[in-house]
Structures are given as structure tokens and as C-alpha cells.
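Heads up: the sequence shown begins at 1 in full-length UniProt numbering, then just goes up one per residue.
Each residue gets a CB set at the ideal place from its N, CA and C atoms; glycine is no exception.
See below for the structure under consideration.
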Amino acid sequence: MPALKAFIVEDSPVILENLVATLEELAQVEVVGSVPDEAGAVRWMSRDPDANADLFIVDVFLRSGTGLGVLQAAQQLGVRARRVVLTNYATEEMRRRCASLGAERVFDKSHELDDLITYCAELAEHAPSRPAAAAN
């Protein structure tokens, strides 16, 4: 079964390295790219909004820009990939804002990392056979 393709927007090198290793080992996820800021994420999404990734994992606070800007750009570009947020600021208000910008879920980095891994593993297990972009 092919891996779920994920793109990560995270500015902490330590968190990124650990997240990539964990997702690739435990959740059948292939991380196809990452950037530390909003502008880089928008450039990446703009190349081909449908074929780049199945899932975007986005932090809220980035080196420059915000994850909210990334979510908004994804909506404007018509990105069909699922979008989730992984943040240390998973307040109810932040969860509402992220949901209003198209995020399916918001995971707290401190308490819900296992939930993110389970979510990704379930997506990978139930994902249709690739290439999904060719089916459209």
C-alpha cells in the first residue's frame, strides 16, 4: 500500500526531524517536503495544488507568517489535500479559527501527538490507491 504523502510547515528543526521520523516509521507517511514559513508553503502549494501532497501538517506560529495564512492560502488556491494543525496553542478559539480556514483537526503538540499519528495512520489505511491526482 502506498504511503500517505505529507507536507509539513514547521519552523522548529528539532520538532520537524522528530515528527518526520515518527510519521514515517509509525503511520505509513512519506514526508514529501517541508518549509519553516508561510511564504515557502504558499510557493509549494502554488506549484500544483492537487498533486503535491495528500496532507498538510501546519504549525500556527512560524519563522515568518503564520499557519493561519497557510490555511487561508490553501483555501484560495483550491488545495484539495487534507489540512491539520499541530500547535502548542490549541485553545478553543484557535481550533475554531483553524476550522473556519479549512483545517480538519487541530492537535496539541504537548498532549495530542499520538492522536495525530493515529489520524495519519488511519488516513493512510483508508486512502484510495494512487495516483489520486490522475483520477480527477
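Here's the rule I'm using: 16 or more other beta-carbon atoms within 10 Å means buried, otherwise exposed. How should residue i be labelled?
i: Arg-83; result: buried
i: Ser-34; result: buried
i: Thr-87; result: buried
Closer than 6 Å by C-beta to residue i: which residues in its own chain qualify, once you throw out the five before and the five after it? Chain order, please.
i: Val-42; result: Ala-73
i: Val-70; result: Val-9, Glu-38, Ala-41, Val-58
i: Ser-64; result: Asp-37
i: Asp-11; result: Pro-36, Leu-62, Arg-63
Can you name the start and end residues of the beta strand (DSSP E) that residue i belongs to?
i: Gly-33; result: 29-35
i: Thr-87; result: 82-87
i: Val-20; result: Run containing Val-20: none in the beta strand (DSSP E); it sits in the alpha helix (DSSP H), 13-26.
Less than 8 Å between the beta carbons of residue i and residue j, yes or no?
i: Ala-53; j: Phe-7; result: yes
i: Val-9; j: Phe-56; result: yes
i: Ala-124; j: Leu-4; result: yes
i: Pro-36; j: Leu-62; result: yes
i: Val-32; j: Val-20; result: no
i: Leu-23; j: Cys-120; result: yes
Using a Cβ-Cβ cut-off of 7 Å (strictly less than) and excluding sequence neighbours within five positions of residue i, which residues of its own chain qualify?
i: Ala-135; result: Unreliable placement is indicated for Ala-135, whose pLDDT of 35 sits below 50; the coordinate value is still reported in the next sentence. The answer is none, since no qualifying residue turns up.
i: Arg-95; result: Val-106
i: Ala-81; result: Ala-53, Asp-54, Leu-55, Phe-56
Which residues bound the alpha helix (DSSP H) around residue i?
i: Leu-116; result: 113-126
i: Leu-68; result: 67-77
Cβ contact (3+ pairs, closer than 8 Å) linking the stretch 71-90 and the stretch 42-57 = yes
Evaluate contact between the stretch 107-127 and the stretch 26-35, counting only Cβ atoms and requiring at least three cross-stretch pairs below 8 Å.
-> yes
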